[in-house]
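Heads up, the thing below is written out as structure tokens.
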Amino acid sequence: MMLRSEIKAVEQMYINGSWVTAIGEATRKVVNPANNEVIAIVTEGDVEDAALAIKAARDAFDQGVWPDMHARDRANLLNKIADRLEERVAEFARLETLNCGKPLREAEYDITDAVNQFRYYAGLTTKPHGVTYDVPDQIQAMVVREPIGVVSQIIPWNYPIVMAAQKIAPAIAAGCTVVIKPAETTPLTLIRLFEIIDEVGCPPGVLNLVMGSGATVGHEMARSPLVDKVAFTGGTETGIKIMKTAAETIKKVGLELGGKSPNIVFADADFETAVDYALFGIFANQGQVCSAGSRLLLEESLVEKFIPEIVRRAKLIEVGPGLVETSEMGPLISERQMQRVLEYVEIGKAEGATLLCGGYRIMDNGLEHGNFVAPTIFGDTTPEMRIVQEEIFGPVLAIQTFRDEAEAIALANGTKYGLAGAVFTSDGAKAQRVIRKLRAGITWINAYHPTFNEAPWGGYKQSGIGRELGTYGFEEYLETKQINISLHTQPSGWFRN
Ligand code: NAD
């Protein structure tokens, strides 16, 4: 645990190449969700601070500091960030766990993932982009790709460092300049990442970090006419607000939003594998995963065998502080989030679903000061129940049952979301048929959760707009320009006089 003496005075923001305190001198306490003790005090920015950061990013872009720098030099900087981060994986992982609660092994994976993202986009920076066309009228037509400009990036608390890297790396690889805001609860690893950004000599104004609330700083980042694009990851309700605000100046908008993803298990699936991934799908990161398999769709003939086994194993998951090596599931991010999850448990019961396990805050073994909720599973649900339709964002699984393939697909697609989904079956053709019918952007056959930086990440329906990661994520930060070059410099002669 972090000692009080380890708390630095006040953690600062990074604007225009300098560490600064918010103009209004407000601060915010950051707590460890495993015991709700204060682990840091951070400066709390407001609209004016966001405006300063946006202006710095605008100037850095318009004066060409970053977009005109040779792609190779931009790639070098990205690689240097990756190298420095890689040297500090253990330290960053510990801090991520301290701030978010997730088990250390998950945090270690996250930091390594972030390192890989910087490397991946360093590589893409120097790859060719653009085409030429063979057109008539003595013209050589070409298309070039250019950075979109100033980008606001607003991220959530469930994967702070991964979300930051996933947004920063492609944006600066493309030549954009950035203002980024972490979630109010989880700024710590992002502040450390900016120490690295400062060390490697990133030009002032290219990358700016602002802390503060969504309603003030976040809103200004979506509103300011100096911003060309908003890239947001968070809840669907917030996404709607951001899209409306950004619409006033026709900004490009990238939205990575919530989900209520179906995990479909047919009776012919490999039993052990399906149970294992059903647990991993919902209980990894305490269920605070946008792509969590929060609905388990079981073929009816499987119910009698599957449900007792998944309940038995859910009860065995060791819940505890993320820094304790044996912990398999940590606390929820905040007391507020825990209350929200527990309210959904009450809603589920009131709706008539059967609580099969969990559904309570863990109040013993020293966990009573943290936000620990036991792995929770509901059976006997109906499709219209709120626990089936709404994103709970916690360790709560709703089981649905189906008779045949058609019903499985209809249930799977029966929410407003379309982020992720999986199918478990030993019938290869059926797996393909079902997965192709899922209205979702991230899918698996006989697995749940593994995704890679090389492939696009994003949702159908109300789970979002656009894609992150891979070449698709790079494209989102590029404008497209056609250039028509006359091969014979002479008047067109269109008008007679
Ligand atoms: P949230 O929407 O409450 O907040 C996300 C960020 O938006 C925070 O930084 C917050 O300060 C900011 N914000 C809030 N109101 C704002 C406003 N009016 N204008 C601008 N910014 C504003 O989400 P959260 O509770 O931090 O995260 C959980 C949500 O994120 C879940 O719904 C989850 O599904 C989603 N999520 C999606 C993905 C994905 O890739 N699709 C990944 C992770 C999380």
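Offset between the sequence shown (1-based) and this note's numbering: plus 191. Built from N, CA and C at the ideal position, the CB exists for glycine as well.
- Annotation for Q308: no beta strand (DSSP E) segment contains it, though the alpha helix (DSSP H) segment containing it runs 295–316.
- Its chain contains V238, A241, A242, I245 as the residues whose beta carbon lies nearer than 8 Å to that of E411, once the 5 sequence neighbours on both sides are disregarded; these appear in chain order.
- Within the model, the alpha-carbon separation for K621 versus A458 is close to 12 Å.
- Secondary structure within the stretch 380–465: the beta strand (DSSP E) runs of 3 or more consecutive residues, fully enclosed, are 398–400, 420–424, 443–447, 453–456 (chain order).
- Taking every protein chain shown into account, the CB of E287 has 16 or more other CB atoms within 10 angstroms, so this residue is buried.
- Between the stretch 394–405 and the stretch 197–215 there are three or more C-beta pairs closer than 8 Å, enough to call the two in contact.
- Following the DSSP letters along the chain, one finds T288 in no beta strand (DSSP E) but inside the alpha helix (DSSP H) bounded by residues 280–291.
- Per the coordinates, the alpha-carbon of G570 lies some 19 Å from the alpha-carbon of I508.
- Rounded to whole angstroms, the gap between the alpha carbons of V221 and T234 is 10 Å.
- Rounded to the nearest angstrom, the Cβ distance from Y608 to G430 is 12 Å, too far for a contact under 8 Å.
- By a beta-carbon distance limit of 8 Å, A483 contacts I473. Their separation comes to about 5 Å.
- Separation of Q528 and A364 (C-alpha to C-alpha, rounded to the nearest whole angstrom) is 35 Å.
- Contact annotation: K496 and C548 have beta-carbon atoms that are not nearer than 8 Å.
- If you ignore the 5 residues before and after P258, its C-beta comes within less than 7 Å of the C-beta of F252, P338, G366, all in its own chain and listed in chain order.
- Boundaries for F615: no alpha helix (DSSP H) harbours it, while the beta strand (DSSP E) harbouring it runs 611–615, taken from the DSSP string.
- Considered as a whole, the stretch 582–658 harbours 596–603, 619–628 as its complete alpha helix (DSSP H) runs of no fewer than 4 residues, in chain order.
- Look at L610: its beta carbon is less than 7 Å from one of the heavy atoms in ligand 1.
- Judged by DSSP in its simplified three-state form, S492 adopts helix.
- Boundaries for T377: no beta strand (DSSP E) harbours it, and the DSSP string shows neither H nor E there.
- Taking each of A646, T680, E670 in turn and checking the Cα distance to G321, the smallest one comes out for E670.
- Boundaries of the alpha helix (DSSP H) harbouring M529: 526–542, taken from the DSSP string.
- In the DSSP assignment, the residues bridged to F569 are L546, A589.
- Per DSSP, R336 is one residue of the beta strand (DSSP E) stretching across 330–338.
- The beta carbon of C393 lies closer than 7 Å to those of L268 in the same chain, with the five residues before and after it left out.
- Residues of the same chain with a CB within less than 7 Å of the CB of T616, apart from the 5 flanking positions on each side, are F457, D459, A460, A622 in chain order.
- Within the same chain, and ignoring the five residues on either side of A565 in sequence, the residues whose Cβ sits closer than 6 Å to its Cβ are G549, Y551, I553.
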